[in-house]
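Number of protein chains: 2
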Amino acid sequence: MQAELLRTYFLNIIALTPSELERIMSHYHERKVPKGEFVLRQGEICGFEGYVLEGCFKISASDAAGMEKVLYFAAQDWWVMELDSFTNQIPSKLDIQALADSVLLEISKADKEKLYKEIPKTERLFRIMSHKAVAAWQQRLIRNHTMTAEQRYDHFITTYPDIAAMLTNKLIASYLGITQEFVSVIRKRRALKKS
Amino acid sequence: MQAELLRTYFLNIIALTPSELERIMSHYHERKVPKGEFVLRQGEICGFEGYVLEGCFKISASDAAGMEKVLYFAAQDWWVMELDSFTNQIPSKLDIQALADSVLLEISKADKEKLYKEIPKTERLFRIMSHKAVAAWQQRLIRNHTMTAEQRYDHFITTYPDIAAMLTNKLIASYLGITQEFVSVIRKRRALKKS
DNA sequence: CGCATTATTTAAACTAGTTTAAGATTAATG
DNA sequence: CATTAATCTTAAACTAGTTTAAATAATGCG
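Those protein sequences? They're chains A and B, same order as listed.
Residue numbering for the first sequence follows my numbering, beginning at 1 and increasing consecutively.
Residue numbering for the second sequence follows my numbering, beginning at 196 and increasing consecutively.
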């Protein structure tokens, strides 16, 4: 049972008795998501919070012209949801799509609220997770403002080699905020340097 | 007593009895910060979380070469802290400096932990605040990836006219991730359009 | 397998934004 | 108030990254 991963995840953040942990886990349900499937589309209300057991997801924003920008990728041990939409039950600004056959552990909005009531300690758990997320987004912004495209590319593929390996250049480009053509140039440049 | 602002802030997020609210407020202490003073420097451990009653702060990151990048500005009704440093008591990656004579309502790390214990509901309060912050940072990143420098400039000065009014071009440029010279160009372009 | 679609590479022309430098304005300071 | 320092503007030269386009390679699919 791979759900062990999520148990470990929670225990790394906060101390939980075995019974608390199991009560938390009981609200999460496994869901298989085939490659290509959208688990959330712009405009829909995000009814779930998902922990990735297997596979990989793309969380992206698209403008009116259909131009898509990848916000982040979520592989094993990451979370997928539209926080704003889930928390405030408002239409989602983002799309979430499986990039590979994937498995999620999902919790519904209703169950999440139940969880907070049943085990108040989970408020703390998710508060701390959220604090980490804020710090990470701040660092991402700083990287975008201080590093060149090539440096950001390097950072991405060395920090997340497993995720990068399953992505197309086009997706990496979108994540980095540059064009796929320029990713090609960067890759060529790096290939020359190494030889 | 301007602390009323903070009471309103909290009540807009979560329902609190008058006594709960006052117990929360009792942990916050007013602190005057003269213009130019650093309330946190890179490498120090952030021991406080501050709510801005008056004035304005600059939260920034500086690299080894002394190049400074403004992450955000915090004026009235905003928060100043280094979340990662405060939460995990690790050295701060950021500087926080008053851009004007300012007044903070501060809570220490120890008092914050006390607060969480005394009034568990505050875990929820700060979790929700943190969720809003994550959503805001995501939107900021999307703007950086989809808008031109001029569009970002427009967005900033129309969304935060009061803050923008008290900032130099240099600071706005740093926040937007462009040079001060280019801000000059943008301003000229806009001045010509209007006439 | 064979076809169609999509991703990748390459290159030339282009542009948004940078760099450098100098002069003009404004603000801080003794 | 005078002087120093800092900010702001302008402009010319430059560069990182884009756009367009065409050719090639890889992939999905009936």
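Where a beta carbon is used, it is the ideal one built from N, C-alpha and C, also for glycine.
Judged by DSSP in its simplified three-state form, H350(B) adopts helix. When Cβ-Cβ separations below 8 Å define contact, F321(B) makes contact with chain A. For the pair A259(B) and L266(B), the CB atoms are not nearer than the 8 Å cut-off. Look at Y160(A) here: in three-state DSSP terms it is coil, with no helix or strand label. Pairing Q271(B) with G231(B) gives a Cβ-Cβ distance that is not under 8 Å. When DSSP states are grouped into helix, strand and coil, Q97(A) belongs to the strand group. Taking a contact as a CB-CB distance under 8 Å, the pair C56(A) and I163(A) counts as one, their CB atoms being some 7 Å apart.
Counting of Cβ neighbours within 10 angstroms places T159(A) among the exposed residues, the total staying below 16. When 8 Å is used as the limit between beta carbons, Y348(B) is near no residue of chain A, the shortest such separation being about 15 Å. Within the segment 270-292 of chain B, L278, D279 and T282 place their CB atoms closer than 7 Å to a CB of chain A, listed in sequence order. Using beta-carbon distances, Q333(B) counts as an interface residue toward chain A, with a partner under 8 Å. Using beta-carbon distances, D63(A) counts as an interface residue toward chain B, with a partner under 8 Å. Here L336(B) is buried. Its C-beta has 16 or more other C-beta atoms within 10 Å. The secondary-structure analysis by DSSP pairs W79(A) across a beta bridge with Y51(A). For R41(A), the secondary structure class from DSSP, reduced to helix, strand or coil, is coil. In chain order, C241, F243, E244 and G245 place their CB closer than 7 Å to the CB of M276(B), counting only its own chain and leaving out the 5 sequence neighbours on each side. Separation of A269(B) and L248(B) (C-alpha to C-alpha, rounded to the nearest whole angstrom) is 10 Å. For the pair of segments examined, the segment 219-236 of chain B was found not to touch the segment 105-118 of chain A: the number of CB pairs separated by less than 8 Å stays below three.
Taking the beta carbon of I142(A) as reference, the chain B residues within 7 Å of it are A256, K264 and L266, listed in sequence order.
Residue A133(A) holds the alpha-carbon nearest to the alpha-carbon of D279(B) among A133(A), K170(A), Q89(A) and Q42(A). In this chain, the alpha helix (DSSP H) harbouring A173(A) covers N169 to L176. Contacts with chain A (Cβ-Cβ distance below 7 Å) from the segment 361-388 of chain B involve G372, listed in chain order. Beta-bridge partners of I254(B) (DSSP): Y267(B) and I291(B). Nearest CB-CB separation between P315(B) and chain A: below the 8 Å threshold. Partner residues in the beta bridge of R31(A), as assigned by DSSP, are L104(A).
Below the 7 Å Cβ cutoff, chain A contributes R127, S130, H131 and V134 as neighbours of S325(B), in chain order. Contact between D296(B) and F233(B) fails: their C-beta atoms lie close to 14 Å from each other, not under 8 Å.
Bridge partners of P91(A) according to DSSP: I45(A). Around H340(B), the beta-carbon contacts reaching into chain A at under 7 Å are K69 and G177.
Under the 10 Å beta carbon count, A368(B) is surrounded by 16 or more other beta carbons and is classified as buried.
The three-state secondary structure of I119(A), taken from DSSP, is coil.
From the beta-carbon of Y116(A), the residues of chain B found nearer than 8 Å are R319. The Cβ neighbour count for R152(A), taken over all protein chains shown within 10 Å, is at least 16; the residue is labelled buried.
Residue state for A165(A) is assigned as helix, using DSSP reduced to three classes.
Under the 10 Å beta carbon count, I254(B) is surrounded by 16 or more other beta carbons and is classified as buried.
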